[in-house]
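To start, the structure itself, in structure tokens.
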Amino acid sequence: MTDLPAPIFVDTSYGRLAVRSQGSGSLPPVLCIHGNSSSSDIFRHVLQSKIPSTRRVLSIDLPGHGQSSDAADPERTYTMPGYAKAAVEVLEKLGIKEVVVVGWSLGGHIGTEMLPLFPGTKGLMMIGSLLVGLYDAPLDDDRTKWNMREDLTDEDLTMFAKLGTGGPFQQWMADAAIRTDGKARRVLFQNLGFGDCSDQQKLIAETKVPTAVVIGTDEPHLDNNMIKSLKYGNLWSGKAVEIAGGQHCPLWEKPNDFIPVLENFLADVSA
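Next comes the structure, spelled out in structure tokens:
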């Protein structure tokens, strides 16, 4: 998209990763992490807000997504901890010591997995994320739930992209889903709450890092009551922030409501 900054590329052990970077300043940078089969472009409203006037804002393409390379080792890379380690490598390569992580959907899980890996995390905002515990076995066979499949058609992926937000739908969303390495979906869901996945509910219950939980009141995919009922070790504002009329991606659907929430959170964790 021509109105977004061209990405810089960072070489990591998980591949060559694309990162959009906007702004500068002495305050801790913001690292934005997108959801499954999306890309850094979903954070365009954050990149184009006033926030980059006071601090650097980074929006990463996860391995196998966007303009980042596909993983040479999918089983190592396309898990929530794998993505978290890749993000930490990016921060280290860029010389960033402190950061506020803003994660949408899968990105919130990744931000949670980063908590024990990156001590410089000053805050974590999760948008549309229901953290998992640990399961005794993998989820159902990847053929039983269509969004877990590696071999989805372009039509399937376009539908997937349209379901990911409440709109407005833009073609880049379908393009991002179609571009995503199919192995990323399969490996991710086979390792959800299993394999090398952490007990994310335990991590978030025990952390002292300020944690903002943002949900849309019209969330169609997740149980908001479950999200609100989880134990959070340091829940910002003492409760989940509910964006009226927002669905699974209020940062895209309701930017005029979301951006002030993010600005307030950043002000609090940077004080």
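Quick note, the sequence shown lines up with residues 9 to 279 if you use this note's numbering.
Just so you know, even glycine gets a beta-carbon here, dropped at the ideal spot from N, CA and C.
- Counting along the chain, threonine 62 sits inside no beta strand (DSSP E), nor does DSSP assign it H or E at all.
- Glycine 224 and serine 57 have their C-alpha atoms roughly 20 Å apart.
- A Cβ-Cβ separation of about 7 Å places lysine 130 in contact with serine 278 under the 8 Å criterion.
- Here alanine 80 is exposed, its C-beta having fewer than 16 other C-beta atoms within 10 Å.
- Contact between the stretch 248 to 256 and the stretch 164 to 179 is present: three or more C-beta pairs spanning the two stretches fall below 8 Å.
- Going by DSSP, isoleucine 16 is part of no alpha helix (DSSP H) but of the beta strand (DSSP E) stretching over 16 to 20.
- By DSSP's assignment, methionine 134 forms a beta bridge with Gly111, Val221.
- At the C-beta level, threonine 87 and aspartate 204 come within 9 Å of one another.
- When beta bridges are read from the DSSP output, glutamine 30 appears opposite Val65.
- Here leucine 125 is near valine 96, since their CB atoms are less than 9 Å apart.
- In the three-state scheme derived from DSSP, where H, G and I count as helix and E and B as strand, glutamate 158 is classed as coil.
- With respect to isoleucine 212, lysine 239 sits close: the two C-beta atoms are nearer than 9 Å.
- The DSSP-derived three-state label of valine 249 is strand.
- Within the same chain, Cβ atoms closer than 6 Å to the Cβ of phenylalanine 51 are found at Cys40, Ser67, the five residues on either side in sequence being excluded.
- The stretch 265 to 274 and the stretch 176 to 189 do not touch, with fewer than 3 CB-CB distances between them shorter than 8 Å.
- In this structure, methionine 133 lies away from valine 107, with their beta-carbon atoms at least 9 Å apart.
- Counting the other CB atoms within 10 Å of its CB gives leucine 142 a total below 16, which places it among the exposed residues.
- Between the C-alpha atoms of leucine 196 and proline 228 there is a straight-line separation of about 21 Å.
- Under the rule that a run must span 3 or more residues, the beta strand (DSSP E) segments found entirely inside the stretch 225 to 277 read 249 to 251.
- In the three-state reduction of the DSSP assignment, leucine 12 falls in the coil class.
- Boundaries of the alpha helix (DSSP H) harbouring leucine 99: 88 to 101, taken from the DSSP string.
- Counting along the chain, the unbroken beta strand (DSSP E) around leucine 39 starts and ends at 38 to 41.
- Assignment of glycine 119 by DSSP, reduced to helix, strand and coil, places it in the helix class.
- The criterion of a C-beta distance shorter than 9 Å is satisfied by aspartate 78 and aspartate 189.
- At the C-beta level, aspartate 19 and lysine 101 come within 9 Å of one another.
- In this structure, serine 29 keeps its C-beta atom at 9 Å or more from the C-beta atom of valine 54.
- Of the residues Trp244, Arg63, Glu121, Asn44, the one whose Cα lies closest to the Cα of glutamate 158 is Asn44.
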